[in-house]
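Peer 1: This is the structure I have questions about; it appears just below.
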Amino acid sequence: MIAQLVLSGLSQGAIYALVALAMTVLYRATTVVNFGHGDMVMAGAFAVYVMVLYLGLPYMAAAPIALALMFAFGMAVDRGLIKPARHGPHIALAMMSIAVGYFLRGVARSLWGREVLPMPRVFDIPPIFLGDLVITGDAIVILGAVAVLVAAFFLVFYRTNVGKLIQAVYQTERGAALIGVNVARFHAVMWGVAAAMGAIGGILIAPVTLLYPDMGANLLIHSFAAMTLGGFGSLGGAIVGGLLLGISEQLLGAYVSTALIDVTAYIVIIAVLVIRPVGLFGRQAVVKV
């Protein structure tokens, strides 16, 4: 029983981890917490839905097109909306990201209302039985895809010049500009990357869950809780936080009350901010005067 719940929690937590990782990457690159990221995930899921259901494209062809569209959308958001507000108060950037999320949600609502839409099954993988433990095909695909993507991303971040560039801009934008880095272009690309990573979450979600315009708001809260638990700015923390959150939801829902599944993320945010505001892997800021 516990093993099955943990496995289900890992499968759900892997989605939270992926979305939290995308938000953390953008935060590390631009110091902006994108509160509209959940709706970008929703947009990626609906982009696949439209191409598969309405345009008749196969899922494997629709997925990369959705990635490209969301990458372009992310760059457009930075160039058209975030860049003009960058020299204002920092809260303006957070408010702009919220506005982008509401815009995407409003477009989805205008097209589908509050309908809950099923996506045709794509991952036709038979389950694996290990004693009483059942590993579904969906869990295999989601956990496998997230593991590969996370490994590839950490390799890029810590073993390539691109990763060093990201860390350099995070440390000091002015210093990066002085050594020839086009910071404005860098920000636009990172917004595109974050939006595309959000689309990956949507692409993985689409075949295994029901789609609805407000699904992004729920994902945002869970991913924000994962970031808070792991520690803001910590890439590894985003992954661990997402997985722990998914497991916690399943265990609390099974052994305490199913009502806790919907509020676990809020409990985690409050508990972490009260007990350890820097999270599990965050670092305490030191200010010298």
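With the working numbering, you'll find the sequence shown wraps up at 279, consecutive numbering, no jumps. C-beta atoms are modelled at their ideal positions from N, C-alpha and C, and glycine is treated no differently.
Would you call the region 211 to 226 in contact with the region 166 to 182, where contact means no fewer than 3 C-beta pairs closer than 8 Å?
Peer 2: No contact exists between the region 211 to 226 and the region 166 to 182.
Peer 1: Less than 7 Å between the beta carbons of I280 and F25, yes or no?
Peer 2: Examination of residue 280 is not possible in this model, given that the chain is present from -9 through 279 alone.
Peer 1: For the beta strand (DSSP E) containing L120, name the first residue and the last one.
Peer 2: L120 -> beta strand (DSSP E) spans 118 to 120.
Peer 1: Alpha carbon to alpha carbon, what distance is there between I265 and R99?
Peer 2: Between R99 and I265, the C-alpha separation is close to 39 Å.
Peer 1: Pick helix, strand or coil for L201, following the three-state DSSP scheme.
Peer 2: Reduced to three states, the DSSP call for L201 is strand.
Peer 1: Do the region 9 to 20 and the region 242 to 260 meet, that is, are 3 or more Cβ pairs less than 8 Å apart?
Peer 2: The region 9 to 20 is not in contact with the region 242 to 260.
Peer 1: Would you mind working out which of A56, A7, V22 sits nearest A186, comparing C-alpha positions?
Peer 2: The shortest Cα separation from A186 among A56, A7, V22 belongs to A56.
Peer 1: What did DSSP end up calling I115 once you bin it into helix, strand or coil?
Peer 2: Three-state result, I115: coil.
Peer 1: Find the nearest neighbour of R95 within the set A184, S247, A37, T199, judged by alpha-carbon distance.
Peer 2: It is A37 whose Cα lies nearest to the Cα of R95.
Peer 1: Is it the case that the region 196 to 213 contacts the region 25 to 34, given that we only count it when at least three CB pairs across the two stretches are under 8 Å?
Peer 2: Enough Cβ pairs lie closer than 8 Å, so yes.
Peer 1: Considering only C-alpha positions, which residue in the set M109, I125, P108, M41 is nearest to P116?
Peer 2: Selected option, being the one with the closest Cα: I125.
Peer 1: Starting from L123, follow its DSSP beta bridges and name the residues at the other end.
Peer 2: Answer by DSSP bridge pairing, in chain order: L120.
Peer 1: What residues are listed by DSSP as bridge partners for L107?
Peer 2: DSSP output for L107 lists L201 as bridge partner(s).
Peer 1: Terminal residues of the continuous alpha helix (DSSP H) containing L101?
Peer 2: Looking at the DSSP string, the run of the alpha helix (DSSP H) that includes L101 is 80 to 102.
Peer 1: Only counting the same chain, and skipping five residues up and downstream in sequence, which positions put a Cβ closer than 6 Å to that of A82?
Peer 2: Once the five neighbours on either side are set aside, the close Cβ partners of A82 are A75.
Peer 1: Would you mind working out which of A19, I5, L(-5), A4 sits nearest V286, comparing C-alpha positions?
Peer 2: Since the first residue shown for the chain is -9 and the last is 279, residue 286 is missing from the structure and cannot be characterised.
Peer 1: Can you give me the start and stop residues for the alpha helix (DSSP H) that A12 sits inside?
Peer 2: Start and end: -8 to 20.
Peer 1: Can you list, in chain order, the residues of its chain whose CB lies under 6 Å from that of V230, leaving out five sequence neighbours each side?
Peer 2: Excluding residues within five positions, the ones whose Cβ falls inside 6 Å are G220.
Peer 1: Please report the distance separating the alpha-carbon of G272 from that of E239.
Peer 2: When rounded, the distance between both Cα atoms is 23 Å.
Peer 1: Could you check if S(-2) is buried or exposed, using at least 16 other CB atoms within 10 Å of its CB as the buried criterion?
Peer 2: Classification of S(-2): buried, given that the 10 Å Cβ count is 16 or more.
Peer 1: At the level of alpha carbons, what is the spacing between R104 and L270?
Peer 2: The alpha-carbon atoms of R104 and L270 are separated by roughly 37 Å.
Peer 1: Quick one: Cα of F147 to Cα of V(-4), how far?
Peer 2: Those two C-alpha atoms are separated by around 29 Å.
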